Amino acid sequence: MTAGALAAPRVRLGRSARRAAHLLAVLLLVTLAAAALVDLMPGSPSAAILGPTATPEQLAAMDAEYGFDRPFPVRYLDWVGGLLTGDLGRSVQSGQPVLGTILERLPVTLEIALLAVGISLLVAVPLGVYSGARVGGPLDRVVTAGASALMSIPVFVAGVVLIYLLALTTGWFPVSGWAPLSAGLAENLRFAFLPAVALAVGETPTLLRLLRGDVVATLREDFVRTAATRGLPRRYILFRHVLRPSALPLVTMAAVVFGRLLAGSVVVESLFALPGLGGLALQSIPAKDIPVIQGLVVLVAITYVVVNMLVDLGYTVLDPRTRAR
Amino acid sequence: MKGPLLVVEDLRCHIPSARGTVRAVDGVSLTLARGQVLGLVGESGCGKSTLVRTLVGAAPARASVSGAITVSGASLTDMPYEARRAFVGRHVGMVFQDPMSALNPVVPVGRQIGEAVRHHHGLSRAAARARAADLLEQVGVPDPGRRLRHYPHQFSGGLRQRITIAMALSCDPELLIADEATTALDVTVQRQILDLLTGLARDRGMGLIMVSHDLGVIAGRADETAVMYAGRIVERGPTREVFGRARHRYTDALLGAIPRLDAPPHTRLRVIPGAPPDLAGTAPGCAFAPRCPARGERCESESPPLQGESGGHAHACFHPAEGETT
Amino acid sequence: GTQPQGDTPATGSGSAATVVLGVEAVRGLDPAHLFNLTPSGDANRLSAIFGVLFWSDTSTGKVNPGIGESLTADDDGVEWTMKLREGVTFTDGTPLDAEAVKFNYERIADPDTKSPLAPLLEGVTFEAVGPRTLVIKLKEANHAFDRVIATNLTHIGSPTAIKKDAAAFAQNPVGAGPFTLQDWVRDDHMTLARNPGYFEQGKPLLDTLTFKVIADPAQRINAVASGQAQAAVPGSDLSFMARAEGSGLKAAKAPAGGGPMLIFNTAKPPFDDLRARQAVVLALDTKELAQVVDPGSTPPDSLYGTSSPFHPGTGVMPEQDTARAQELLDELAAAGEPLKFTISMPASGFFRRTSEYLQSRLSTLKNLQVEIEVLDNASLDRQVFTNRDFALSAQIVPVADPEPNLYKLLHSGGQTNYMGYRNPDVDAALDMGRGSSDEGARREAYAEVERLVVADLPVLPIRQQVAYTVHSDKLSGLTLHGDGCLLYDRLGLAGS
Amino acid sequence: MTSEPPTPLPRPEPPLLRVENLVKRFRVPGGVIEAVSRVGFTLGRAQTLGLVGESGCGKSTTGRAVLQLPPPDAGSVRFRGEELTALSRRDMRRVRPSLQIVWQDPRSALNPGRRVRDLVAEGPVIAGRPRAEIAGRVDAALAEVGLNPAEVGDRRPHEFSGGQCQRIAIARALVLEPDLLVCDEPVASLDVSVQAQVINLLQDVKARHGLSLLFISHDLGVVRNVSDRVAVMYLGRIVEIGDVDSVYGAPAHPYTRALLDAVPVPDPLAPPPGPPLKGEVPSPLRPPSGCRFRTRCPLAQPVCAEQAPDLRPVGDDHQVACHFSLKESPVSRSSAPSRTAVQDGGPR
Amino acid sequence: MTNTPTRRGGTALWLASGWLGLLGLLALGVGLLPLPAPDAPVGGPNLPPFASFPEILGTDGIGRSVLSRLIHGARISLTVSIGATLLAAVLGGLLGVLAAYLRGFAESVIGVVLDAILAFPPLLLLLALAAVVRPGVGTLVASLGLLFVPPFARLAKAAALARLNREYVVAAEALGAGHGRLLFRELMPGCVPPVASYAVVMAALMIMVEGALSFLGVGIPPPAPSWGAMIAAGKDFLAMSPQLVLVPCAAMFLTVLSFNTVGEHLRARVDPGAGDAR
Ligand SMILES: Nc1ncnc2c1ncn2[C@@H]1O[C@H](COP(=O)(O)OP(=O)(O)OP(=O)(O)O)[C@@H](O)[C@H]1O
Ligand SMILES: Nc1ncnc2c1ncn2[C@@H]1O[C@H](COP(=O)(O)OP(=O)(O)OP(=O)(O)O)[C@@H](O)[C@H]1O
Ligand SMILES: [Mg+2]
Ligand SMILES: [Mg+2]
């Protein structure tokens, strides 16, 4: 029978095509929904540009000039057309190209998010493994209680406390602002550290608990018992046999957290006055700066899609079971 | 070295649980000589796995264990925890029921086979690799050099079980324990694996404990058979004796309840009423009494001891069957 | 007025200072396109880059020369003559002469530019009678036109750069001020370098000036307290000044008249009814209000600041009279129109607290129902200021001199008369004040304006205005002008 | 290609179930599995057909496809003369009570949240039987499987042992008075000592109600005990089908032979079986061409790779799908002593 | 081993349940309590705690009773968090179960919608909805509820798939059960416990999200006293009257901690070995 052999490649192609179609549909739906939502918001960007002294006539004239008065589908299609040619338009407020505006802020948010995830993992991995290895032991009790407590601290409170303790009182870190990498790595990290820690406060418990749960589950697996009966040392078993399979969900979650932080570290960015994407969103949305908002939406959606693809990819790298033979 | 390979005396493993203390192993004594195959049969939940786990020091963490275990003259029960683990790792090999879950899915099989020798005998990476290839060859995995790099999911069930056997053999154990090693496999493959296990044990002069719930698996291959029921050994002896002249009522009933290939269709099977007991219960007397056709008053109040007979055939029954079941 | 703070003048070379502001110059730095001239916004940036032609004292409104030399009116206040200094150039080399000023002003007046400042120059004509002399002809007499210039028309950009590309100019402005823009990372910082060709020898004192943006006012002060910055404009809340001074920082401040005012929409129900406005005003204890919404501040007793020559000397604002307020409310309710309205306020701390205070205190009265609506700036601009779809809102109107802000606020067609307030008597009095150069007559006219406003209550000032900038004691030479921004050419750093 | 030969005697009545050319495919990561490949058989009234084969050979899928759970991709299933594959979902629901199934894992087949009484009553309730009638039927069904309705009615599945759960599952099917009961490994999850109880129960029930059973199991001993006829499956195909005694006594397919040889017999004195099979069942994703068994077959010839053997008769009610049937090769015949006594059995 | 969390729950669990119970009672019965209105002035601004009776927690920056605002705030914060969680759980639960049950095209469509929600910048949705409709409890419940549909859907889908593989659903179909019965009688009931216990954990998260939104000034509009709004307002007086931030912070912390404690306990009971689903 060759039916199966013939079907196999066709199906595989079908799967990746389906996946691509899915992602495309997601992108379309997201941008369409965003455009529609912004469109539903009352008023037009003109008001934000012309300021309080503008008259309704001036507003109307400006709307017409920028094309804000065109019907919604026309504007959306126009925008999609621009997107396909790599043109995201110009910010209504600043007149700057949207792409440049976003790319200028992306590194800040990216770095903070990466650092936050890195710090979280650095804390979560050893604590998660060791507390999962001795459920109910003293370390486990302290760690689980600590994780619950940390999880219950809102990020804005964590940020304020960190500023007070590590910046204002001790002066170890700057209270706010940003130094780009071009200012030197040490300087850059000095500025990035507190915001990243503030974010990590909320995310570490998530990762830690996930890993701990998986470690507990993996420890029950037969292959761990097998390794134990073969007289392998405990630490070897924990880090060679337990961590790796438990790390799969952890990596997924870390990626998800990373994506989420990219999309929404608004609170921390505004608290620490970081020139990142969150601040841009916070200032563009009320101003109805449609091109910027749409640009951000696309970026967030693409980030989501890319993160998802990376997770898939990560799985194939980390989990041999998903690797093609 | 003289003396039996394995001596177990009055081993108990009681596991505390929400329903009460589970007496999973409740006073088991065994001996096994080198080069011998011991079959351990019993139905699901009777404590077979717990027994062998306890033997190798892998009883549940909260369990209370008592009794004596001696392997090659060394008393395991007197050893400190880590020393015991190392000793067991070096001298005892284990093969488990489910070959998929007994292998770490994300570690190449070559490393899983070689890691124990590397640890116990300080072999280099390359030497461990060569040894792993050698072992794979011995257990009949084709193309061992290439397959070392493969992951467990890339093997079929039978090959996986061969790999776990290779792992168990890696440190040249004196004792091999196969806990339901073929239950997850198809009959045609089961036969291959059973042949392999017994063949290896014979060639290497190892002691082999074969655990199974399938009487057929034990019947053809074990020198001695021990039948477990509710945490105890209820009958023990040379395999021919146990199968040919079952004395304990449970063994007897069990043999009668199995549909036979050679019996004509629609033969009515002998039924054992009731269900196996819950080991968390603490009823006195013989655990089989509630299901036993020959129970007497004594059976319900007193637990029958394992009594020896000639030829090493022992049973724990006050009203033993006369034998010749089939 | 303001007094320069600090002891030793700066040493100069190598000195750098950072000033923290609240909002980014989102729309660039074209003087023709800016309406947000608050100190925490763009006024400070413009002052540093373009310098000032003339500047007005924050407390008194007195106009002083800057890059411009003099600005004088003829007797009837219609024709103004602006004299410029010799040899002043923009940083691109273009001379800052009468033609350059004329170009800037005509561009603002040009409807195509869509400048929010255009109404200020409606019907005004310009004539460069010499390289350094510009004659400005007004449509009607205005003896306070120099203040208009000093507050809103004081920043002049290089015509060459503007003509080349106006959009690019907004992003990369070319002025003749003490500093030039070097590096601008949006939402983060803007680095300015000393303009070596600044018209005044030896100035500016600083080599480098950095503007940072921090949205949170407390964090702005923290930045100065931790030494990350040398000065910060925390915003309109005076409580921050007290806090900064409490933690060892200094504050350069200038008390002014006016300030935050409640504005009633007199063109629409319910506040088209005087009784409704009176009821609300009488129900309020302005002393407590000021204390509560901005601890450390005092309520104004007049439209004019205490140091203003127009201050009446004794308080003229209505006193709290809850009983009378309740009577009026009952009266309204009896007429079938119980008072019920929504307060539309910006989201910032001060205004938010104001709205909550009002809601809290007013809701203790019967027959009165108050709701709050907090709006972001764009919605506020659109809904309140453009569409005038509100009942009660607020705005900040600094009144160093009644001209030009009070005129804009209260005159029937005034640019900031969002209240839709129309009172011919007020119009007449305002025109009178504007057209006269006689101090006594002006005083008379503005006293009349105040009397009428207190009777009609289109607005209620709620807190005395004090413009201030928080700074470390190393920074010296902080002189406030306009609505309270700094003069950057004299800013210096001690010690370093 | 039909799987059954024309019956020698004209029958007054068609078989209860006639399955022809049944095909069921699954889309899985990496391709399509043809889990059931052109399978056909018939099942008469009050007859038991055993379906044996190694894990993954498609036994359960066949059983489910017969019940249209889910419907097969191709082929015909005629039940009482009605073509099930052509029925609408609604019509199928009408037929369902007559076609019942008992699952391998009784626990997972019983909703853990429900009481036993409700579980057993579920079928009649769905079928819209009158309420008054249902309670009585439920009690009767429970009693029939040896459970005391008053005692067990209000308890939930987790309070029962596996054997008891299987009884409940059987009661659940019986209460609908079906004509056909598909038993998918009904004893595989049970202890040996309990398995006999359930097997005997099924036999009793069958006899009492005149049921037909499609009995799926991988245990050759159990199948032999309960079945009248038996079908052996390998990798989605039926390789041999026929009367129990013929198939067990004189297996015609080398696979059947090897399967029988591999069954561990609980008798230390049993004669040594024939040579073991090499290798394992190939992946159903990439089945061998031609005869699917050829990769492990001791008799394989080039023709086996080219041509898939069809079922062909080798005796009364005995068919085999092999190019070189053991029955025709004198060597094998001698090694497989046939029991001629039962060869005249035929379908009952 | 699996019951370790249950046993360790002990006192912490009791304390957490107690706190939530107390809070629930206070929130429900706030109208019956002899408290001043949350927006009524009761004295000067920023009175310290314990300075006067009955204002044991002092007054806030406007001179309103902190105690009254705290309890009214509990009502609002709980309403938002529980309301949004319920909405998300019900919507997500239904979608997840439907996706698992229907498979095929419907599953793809649901998948696209869920992914779209996940890929949507949350702030935009919140701000835009608040601008389109009036901001308030209802709007916040709706938008937060919508935003948190995907994790519930994912969980419910996994639970439903696990049950679809348990044979009792197919068994019911074999008995002749139709779509409705299969979905609502067989599939759904089993999916409720995991979704419900997860909802408790999510309720904790919602409280913090509401707080963060109020902190950004896009949450419940004044004068309504949600805890987040109280913290945001109080931070202007952090140096002078730290209790204005500390008191609502403590309330929020305890509540979130309690929800988490109870939720984790429930999850451990419903589904031992469940990791964090998101
Ligand atoms: N960790 C544990 N905690 C509590 N009870 C346990 C534990 N492990 C095993 N038991 C109980 O001990 C008894 C014996 O279990 P064990 O696994 O040894 O049986 P078995 O004979 O190997 O059965 P099977 O054939 O199913 O593998 C059972 O009743 C089981 O429920
Ligand atoms: N729902 C499904 N989706 C994908 N593949 C399936 C599905 N059900 C069965 N299969 C595949 O179809 C083949 C036949 O499976 P089936 O369950 O019918 O075998 P079986 O003979 O009953 O095996 P077992 O003895 O293990 O129950 C197997 O390869 C199996 O993996
Ligand atoms: Mg076992
Ligand atoms: Mg099956």
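Protein chains in written order, with my numbering: chain D, -10 to 314; chain U, 34 to 359; chain F, 8 to 503; chain W, 249 to 596; chain L, 13 to 290.
Using N, Cα and C, we set each Cβ at its ideal position, and we do this for glycine too.
In this text, all values refer to a predicted model and were calculated from it rather than measured experimentally.
Own chain, CB closer than 8 Å to residue i, minus 5 neighbours either side, in chain order
i	result
residue 450 of chain F	316 and 317
residue 231 of chain F	27, 237, 238, 239, 251, 256, 477, 478 and 479
Beta-carbon proximity check, residue i vs residue j, cutoff 7 Å
i	j	result
residue 456 of chain F	residue 436 of chain F	yes
residue 260 of chain U	residue 231 of chain U	no
residue 165 of chain U	residue 147 of chain U	yes
residue 210 of chain U	residue 71 of chain U	no
residue 149 of chain U	residue 204 of chain U	yes
residue 89 of chain L	residue 239 of chain L	yes
residue 346 of chain W	residue 262 of chain W	no
residue 195 of chain U	residue 524 of chain W	no
Delimiting residues of the beta strand (DSSP E) encompassing residue i
i	result
residue 88 of chain F	86 to 91
residue 268 of chain W	265 to 276
residue 431 of chain W	428 to 432
residue 85 of chain D	First-last for residue 85 of chain D: undefined, no H or E at that position.
residue 51 of chain F	Element bounds for residue 51 of chain F: not the beta strand (DSSP E) but the alpha helix (DSSP H), 50 to 57.
Own chain, CB closer than 6 Å to residue i, minus 5 neighbours either side, in chain order
i	result
residue 346 of chain F	277, 283, 336, 339 and 375
residue 583 of chain W	Note that residue 583 of chain W scores a pLDDT of 40, beneath 50, so its modelled location is shaky and nothing firm can be said.
Where the alpha helix (DSSP H) containing residue i begins and where it ends
i	result
residue 291 of chain U	Run containing residue 291 of chain U: none; DSSP gives neither H nor E here.
residue 414 of chain W	410 to 422
residue 215 of chain D	211 to 218
residue 332 of chain U	330 to 334
residue 447 of chain W	440 to 457
residue 47 of chain U	Residue 47 of chain U -> not in any alpha helix (DSSP H); beta strand (DSSP E) instead, spanning 39 to 50.
residue 214 of chain L	200 to 227
Contact set between residue i and chain B, taken where Cβ atoms lie within less than 8 Å
i	result
residue 58 of chain L	Here chain B cannot be found, since the structure's protein chains are D, U, F, W and L.
Residues bridged to residue i [DSSP beta-bridge criterion]
i	result
residue 62 of chain F	F/71
At 3 residues or longer, what runs of the beta strand (DSSP E) sit wholly inside the stretch 161 to 245 of chain F? If we require 3 residues or more, the beta strand (DSSP E) runs fully inside the stretch 161 to 245 of chain F come out as 186 to 192, 196 to 201 and 215 to 220.
Would you list, in sequence order, the uninterrupted beta strand (DSSP E) runs of no fewer than 3 residues that lie entirely inside the stretch 57 to 90 of chain U? Contiguous beta strand (DSSP E) elements confined to the stretch 57 to 90 of chain U occur at 70 to 74, taking only those with 3 or more residues.
What are the start and end residues of each continuous beta strand (DSSP E) run of 3 or more residues lying completely inside the stretch 400 to 488 of chain F, in chain order? 466 to 468 and 472 to 478
Beta strand (DSSP E) segments (min. 3 residues) lying fully within the stretch 256 to 295 of chain D: none
Could you tell me which whole alpha helix (DSSP H) segments of length 4 or greater appear in the stretch 113 to 143 of chain D? 127 to 140
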